[in-house]
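Written out below as C-alpha cells is the structure these notes cover.
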Amino acid sequence: MKKTVAKFTVSQPRNTLLPDSVEHTLQLFELGHYPEALQGCLAFVSSGDVRILLALKEIYQFGLAGQLDLDMAENYLSMAARQDPESCFQLAQWLEKGFNDDPDPVTAVQYYMQAADMNHPKALLYLADCYSNGRLLMKDPEKAFDCILRAQMNAPGDKDAEYRLAMCFLNGDGTPANPTEALHYLSLAVRHKSVEAIYELALMYSHGRGVTADRRKGFRLMNEAAAMNYAPALFQLGLMYEEARGTTRNPERAFSWYHMAYELNYVPAFAKMAAFLIDGESAGQDYRKARSIAQRGAELGNPECSYELFRIYMKGLGVKADRETAMDHLNAAASGGSVAAMKTLGDIFLEDPAPDPAKAAEWYAKAADQGNEDALLALADMYSTDQWGMRDPARAKGYLGTLTEKFSSRRGYYRLGQLEESGALGTPDPERVRFCYTEAARRGFNKAKFSLARLYHQGTLLEKDDRIAYYHAYGISSDFRDPEYAPLLKDIEHALTETEKNEIRQNVRMETMSLASHKMQY
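Counting from 1 along the sequence shown, just add 224 to a position and that's the residue number in this note's numbering.
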C-alpha cells in the first residue's frame with residue numbers, strides 16, 4: 225500500500241527536449257524541469273547512478289513532478305543506500321523519524337551500521353551514542369570509543385568527533401584515561417571552533433584537571449565560549465566572578481552572567497538567580513521573583529531550586545513561614561542530589577530538640593562523599609568529641625585527612641593540628657602538630673597563627689622561640705577576636721627588643737605584599 229500518493233498539476237515547460245543522457249537529465253533536474261527530469265531518470269535508472277536515484281527520491285518525496293509517493297521515494301533511497309554511505313545514513317534517519325508517523329528505529333540502526341561499515345562519520349557518531357547510552361544496542365563503552373575514533377580518522381577536522389574523542393581520553397570512557405591525548409584532541413576541536421571543546425578546556429585549566437592549573441587562562445577561554453552564547457559557559461562565568469576564580473570577585477557581574485544563562489533556560493542558573501534575589505547581593509532582594517524562578521526550576525527537576533524554596537518557606541521570605549512545606553522541599557532537594565540540602569539535613573538532625581546524631585552523620589556522609597568541606601568538618605567534629613556519644617578520634621582524623629589531601633583545607637589542617645595536640649591520638653607528635661598548624665597559617669587561618677604563637681611562646685610541645693612566636697602573632701589580622709590574643713601578644717613583645725620586633729614586622733609586611741601580588745595573578 226502506498227504511504228502517501230497525491231497528484232498535482234504541473235505546467236509543462238515549452239520547447240524542452242527530452243533528456244538523452246544522465247548528465248542532461250541531472251541538468252534538467254537542477255534547472256527545475258522536473259517532468260522531463262523524471263522521464264530521464266526513469267530511462268536511466270538502470271545505470272545505477274546514485275545521482276539519478278537520489279533525484280528520483282527527491283521528485284517522489286516532494287511531489288516535484290506532480291505525484292508525491294513516499295514509498296517510491298524510500299525505494300529509490302534504498303537503492304542508493306546500497307552503494308552510497310550518505311544515502312544509507314539518510315535512509316537510517318528517515319526510518320528512525322518515520323516520515324509517515326511510522327518510525328522503525330530497529331531497522332534504522334541496521335542502516336546506521338551499514339553506513340558505519342562504509343565509514344560514514346555521522347553514522348559512526350550515532351552508533352557511539354547508542355553504545356554509550358545502551359539505547360537500541362547493548363551498552364559497550366569500548367565499541368563507542370572505537371566508533372568515535374573511526375569517525376575522527378575518516379573525517380579529519382570534524383570538531384564533534386575531535387571533541388568526543390577528547391572526552392573519552394579525559395574521562396577514561398572505553399579507553400584508559402590519557403590527559404595528554406585529551407588535551408591534543410581538545411586543542412584540535414578548539415581550532416575548529418567547537419564551543420564545547422573551548423568550554424571543556426576552560427574547565428580543565430580552571431580546575432587543573434589533566435593540565436597545570438591556570439585560572440586566568442581558564443577564565444579567558446570561558447569568555448570565548450560565552451561569546452558564542454553557550455549557556456553552560458555563561459553560567460560558569462557567573463561562578464568565576466562569584467568565587468573569584470581566575471578574576472576578581474564581582475557579584476554584580478556574576479549575577480549578570482547568571483541572568484544571561486537563565487534567559488537561555490539553562491536550568492542550573494535558575495537556582496543561582498533565586499539565591500541572589502533572596503540574599504540581595506548585587507541584585508536587590510525580590511522574594512516573590514525568587515520564589516517564582518525557584519518554583520519553575522524545581523518543576524524542571526533542579527534540586528538546588530528545591531533547596532532555595534526550602535530557604536524561602538523556612539524563613540518566611542515573602543510568604544508565611546511553613547516548616548512542613550520547607551522540609552518537603554529540603555527532602556526533595558537532598559533526594560535529588562543537592563549537596564547543600566544534604567548538609568543542611570545533617571544540621572537539622574543535630575539542632576532538633578530531640579537530636580538524632582546517627583541520622584545527622586548519615587546525611588553528612590552523603591554530602592561528604594560529594595566533596596562538601598563543611599560536611600567533612602562536621603563529621604570530624606562529631607567523632608572528635610564526646611558530645612554525641614560517637615567519639616572516634618581515628619575516624620575524625622580520617623575525615624580531616626580527606627579535607628587536607630583533597631581540598632588543602634586550612635580548617636582541616638587546623639583541626640588536625642588540634643586533634644594531634646590534644647593527645648586524642650596518643651602522645652602528641654611535635655612535628656606533626658607544627659606541620660598542621662603551619663599549613664593552616666600559610667593559608668591565612670588566624671586561629672592556626674595564634675596556636676603557633678602560643679606553642680612557641682610556651683616552649684612545652686615546641687621549642688621556645690619568641691621571635692617565631694611574634695612572627696605568627698604579628699601576622700594575625702585585626703579582626704581576630706580571641707580574648708587570649710592580646711595578653712599573649714603583650715607577653716611575647718616583652719621578651720623581645722625593639723630591634724627584633726621591627727625586623728620581624730618588616731618581614732611580615734614584605735611577605736604579606738608578596739602574597740597579595742601572587743593572589744592578583746589569579
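The beta carbon of each residue, even a glycine, is placed where N, CA and C say it ideally should be. All values derive from a computational prediction rather than experimental measurement.
In angstroms, rounded to a whole number, what distance separates the CA positions of G290 and K281? Rounded to the nearest angstrom, the two C-alpha atoms are 14 Å apart.
Grab me the residues of Q460's own chain with a C-beta within less than 6 Å of its C-beta, minus the 5 sequence neighbours each way, in chain order. M446
Beta-carbon gap between L394 and I372 smaller than 9 Å: no
Residue range of the alpha helix (DSSP H) that R547 falls in? R547 to G560
Put K688 into one of helix, strand or coil per three-state DSSP. coil
Can you list, in chain order, the residues of its chain with a C-beta nearer than 6 Å to that of D689? Leave out the 5 residues immediately preceding and following it. For D689, where only same-chain residues beyond five positions count, the Cβ hits under 6 Å are Y680.
V435 versus T723 - alpha carbon distance: 46 Å
Would you tell me roughly how many angstroms separate the C-alpha atoms of A352 and A406, rounded to the nearest one? 18 Å
Kindly give me the distance between the Cβ atoms of S430 and G396, rounded to whole angstroms, as I take these residues to be in contact under 8 Å. Contact flag wrong, Cβ pair sits at about 20 Å.
Do M497 and Y486 have their CB atoms nearer than 9 Å? yes
Could you check the C-alpha separation between A495 and D576 for me, to the nearest Å? 27 Å
Three-way DSSP call (helix, strand, coil) for F443 in this model: helix
Thinking C-alpha only, which one of N299, A665 and A340 is nearest F313? A340
When the distance is taken between beta carbons, is F674 closer than 9 Å to L712? Yes, they are a contact pair.
What residues in its chain sit with their C-beta under 7 Å from that of G398, if we drop five residues either side in the sequence? P365, E366, A368, F369 and C392
Can you name the start and end residues of the alpha helix (DSSP H) that H248 belongs to? Note, H248: alpha helix (DSSP H), V246 to L255.
Specify the secondary structure class of G264 as computed by DSSP and reduced to three states. helix
Does I728 pass the burial test, meaning 16 or more other C-beta atoms within 10 Å, or should it be called exposed? buried
Beta-carbon proximity of S608 to R639, cut-off 9 Å: yes
In three-state DSSP terms, what is Y490? coil
Where does W481 sit, in a helix, a strand or coil, going by DSSP? DSSP places W481 in helix when its eight states are reduced to three.
If you draw a straight line from the C-alpha of A279 to the C-alpha of A557, how long is it? If you draw a straight line from the Cα of A279 to the Cα of A557, it comes to about 55 Å.
Drop a sphere of 10 angstroms on the beta-carbon of N596, count the other beta-carbons inside from all chains shown, and report buried for 16 or more, exposed for fewer. buried
I'd like the span of the alpha helix (DSSP H) that includes Q338, first residue to last. P329 to D341
Round the Cβ separation of H257 and E310 to the nearest angstrom and send it over; I've been treating them as touching at under 8 Å. Actually they do not touch by this definition, with Cβ atoms about 25 Å apart.
Which of helix, strand or coil does DSSP assign to T723? helix
Can A493 and G462 be called in contact, C-beta distance under 9 Å? yes
Identify, in the order they occur along the chain, each residue of the same chain with its Cβ nearer than 7 Å to the Cβ of M606, setting aside the five sequence neighbours on each side. P581, A585, W612 and M614
Looking only at C-alpha atoms, which of L541, G504, E717 and P475 sits nearest to R755? Lying outside 225 to 746, the shown extent of the chain, residue 755 is not represented and no answer is given.
Rounding to the nearest angstrom, what Cα-Cα distance links P579 and G641 in this structure? Taking the straight line joining both Cα atoms gives about 29 Å.
Assign A545 to one of two classes, buried (16 or more other C-beta atoms within 10 Å of its C-beta) or exposed (fewer than that). exposed
Unbroken alpha helix (DSSP H) runs of length 4 or more, entirely within the segment 422-476: which are they? 439-451 and 455-467
Under 6 Å Cβ to Cβ from W587, same chain only, skipping five residues before and after it: list those, please. Closer than 6 Å at the Cβ level, and outside the excluded window around W587, lie M566, L569 and G570.
How would you label R635, buried or exposed, when you count the other beta carbons within 10 angstroms and need 16 or more for buried? Label assigned to R635: buried.
How many Å lie between L720 and Y623 at the Cα? Rounded to whole angstroms, L720 to Y623 spans 40 Å at the Cα level.
Between the beta-carbon of A383 and the beta-carbon of L425, is there less than 9 Å? Per the sequence presented here, residue 383 reads as Lys, with Ala not at that position. No, the Cβ-Cβ distance between K383 and L425 is not below 9 Å.
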